[in-house]
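Structure first, then comments.
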Amino acid sequence: MFVKIASSEIPYYQFPMLEPYSSVCKHAIFTRVGGISEAPFSTFNVRYGIGDPAVNVTKNRQIMQLFFEHEFLDSSSRVLISANQTHSDHIAVLAHGEALPERNEIDDTDAFVTNRNDILLLIQVADCQPIILLDPVTKTLGMVHNGWRGALQDILGKTVSVMRDEFGVDAKDIVACIGPSIGPCCHYFTDPARELPAGFHQYIFNEKQVDFWAAAKDQLIEAGVPARQIEMSNMCTSDHVNEFYSYRRENHLTGRFGVVAGLV
Ligand SMILES: [Zn+2]
Numbered sequence: 078m079f080v081k082i083a084s085s086e087i088p089y090y091q092f093p094m095l096e097p098y099s100s101v102c103k104h105a106i107f108t109r110v111g112g113i114s115e116a117p118f119s120t121f122n123v124r125y126g127i128g129d130p131a132v133n134v135t136k137n138r139q140i141m142q143l144f145f146e147h148e149f150l151d152s153s154s155r156v157l158i159s160a161n162q163t164h165s166d167h168i169a170v171l172a173h174g175e176a177l178p179e180r181n182e183i184d185d186t187d188a189f190v191t192n193r194n195d196i197l198l199l200i201q202v203a204d205c206q207p208i209i210l211l212d213p214v215t216k217t218l219g220m221v222h223n224g225w226r227g228a229l230q231d232i233l234g235k236t237v238s239v240m241r242d243e244f245g246v247d248a249k250d251i252v253a254c255i256g257p258s259i260g261p262c263c264h265y266f267t268d269p270a271r272e273l274p275a276g277f278h279q280y281i282f283n284e285k286q287v288d289f290w291a292a293a294k295d296q297l298i299e300a301g302v303p304a305r306q307i308e309m310s311n312m313c314t315s316d317h318v319n320e321f322y323s324y325r326r327e328n329h330l331t332g333r334f335g336v337v338a339g340l341v
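FYI, our numbering numbers position 154 of the sequence shown as 231, with every residue one higher than the one before it.
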């Protein structure tokens, strides 16, 4: 069960499956509550370039980072790394001992893999799936922005491959957590049998609905992650717009909530 921590100054959710590894990795799924943005981005939008004044986004990111560092890291400061997510299959590798990217927001990238413990990774979503991949054995962290376009490119499987190739991760050690995102209940396409390649037709039901939660789980299993180590939040953003942003439900004019994780 996805757990809400509402007693803190800023509400957030956590995955129970990561709890045994809290000495290795800290994480929080923030909501749309806690920031300073005004409607239609109210209040905790962390994405630039979607109409919310940049000054608000910067302030929200500062609030999020300071809260995370205070809540989980004894207020020690980290560098917050994000990406200008573009529904690509591009994966940034952030290796310990190497120079950090010139800008803290990496261009044209939708996933990160790292073994560093001096950074925090931010994924920004509103219906797309925010996914945390943790290998507690090698202490390697992957974070993915997995929209349906990303799913078609198997960015999840590719991220697992990068974790293996760069840091020697065995997929059977990975714990994978899929956060709030649009569920099969609300994910309609006009004509999915035409819009999606044949490999995804098994996820179409009622003619127009598609279950990308099942697709993500299958891609992880295909990549070697054991099914018992995959946790679904099972929380549909479109059904919970009071707590999360939903790009579709809110007619494409809304913010993006943040999912943050970092190795300790
Ligand atoms: Zn739904």
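A virtual CB, placed ideally from N, CA and C, is assigned to each residue, including glycine.
Secondary structure of residue i, DSSP reduced to three states
| i | result |
| --- | --- |
| leucine 340 | strand |
| aspartate 184 | strand |
| histidine 104 | strand |
| glycine 174 | coil |
| glutamine 342 | Limits of the chain in this structure are 78 at one end and 341 at the other, which puts residue 342 out of reach. |
| glutamine 230 | coil |
| serine 258 | strand |
| histidine 329 | coil |
| leucine 345 | With the chain covering only 78 through 341, there is no way to say anything about residue 345. |
| valine 239 | helix |
| tyrosine 265 | strand |
| glycine 335 | strand |
| glycine 276 | helix |
| glutamate 308 | strand |
| phenylalanine 189 | strand |
| tyrosine 324 | coil |
| alanine 253 | strand |
| alanine 248 | helix |
| alanine 270 | helix |
First and last residue of the uninterrupted alpha helix (DSSP H) at residue i
| i | result |
| --- | --- |
| proline 207 | Premise fails: proline 207 lies in the beta strand (DSSP E), 206-212, not in any alpha helix (DSSP H). |
| glutamine 139 | 131-149 |
| glutamate 179 | Note, glutamate 179: premise wrong, no alpha helix (DSSP H); not H, not E. |
| leucine 218 | Careful: leucine 218 lies outside any alpha helix (DSSP H), inside the beta strand (DSSP E) at 217-223. |
| isoleucine 298 | 289-299 |
Boundaries (first-last residue) of the beta strand (DSSP E) holding residue i
| i | result |
| --- | --- |
| serine 315 | Premise fails: serine 315 is in no beta strand (DSSP E) and is neither H nor E. |
| glycine 200 | Reading the sequence as shown, one finds isoleucine at residue 200 and not glycine. Start and end: 196-202. |
| valine 123 | Run containing valine 123: none; DSSP gives neither H nor E here. |
| tyrosine 89 | 89-91 |
| isoleucine 82 | 80-82 |
Assigned exposure category for residue i - 16 Cβ within 10 Å defines buried
| i | result |
| --- | --- |
| histidine 329 | exposed |
| lysine 249 | exposed |
| alanine 228 | buried |
| lysine 285 | exposed |
| threonine 267 | exposed |
| aspartate 204 | buried |
| serine 30 | For the chain, the structure presents residues 78 to 341; residue 30 sits outside this window and is missing. |
| alanine 188 | buried |
| leucine 143 | exposed |
| glutamate 146 | buried |
| cysteine 262 | exposed |
| serine 315 | buried |
| phenylalanine 282 | exposed |
| histidine 278 | exposed |
| isoleucine 82 | exposed |
| asparagine 192 | buried |
| alanine 116 | exposed |
| glycine 256 | buried |
| valine 237 | buried |
| asparagine 223 | buried |
| alanine 172 | exposed |
| aspartate 129 | buried |
| glycine 276 | exposed |
| alanine 131 | exposed |
For the pair the segment 182-192 and the segment 157-170, tell me if three or more CB-CB distances fall below 8 Å. Judged by Cβ distances under 8 Å, the segment 182-192 makes contact with the segment 157-170, as three or more pairs qualify.
Looking at C-beta atoms only, is the number of pairs between the segment 207-220 and the segment 321-341 that lie closer than 8 Å three or more? With a cut-off of 8 Å, the segment 321-341 and the segment 207-220 count as touching, because enough Cβ pairs lie within range.
Given 8 Å, three or more beta-carbon pairs between the segment 169-177 and the segment 126-145: no
Tell me, please, whether the segment 217-227 touches the segment 195-202 by the rule of three or more beta-carbon pairs shorter than 8 Å. yes
Count the C-beta pairs between the segment 261-277 and the segment 293-308 that are closer than 8 Å, then say yes if the count reaches three, no if not. no
Count the CB pairs spanning the segment 309-323 and the segment 107-115 that are closer than 8 Å, and state whether there are at least three. yes
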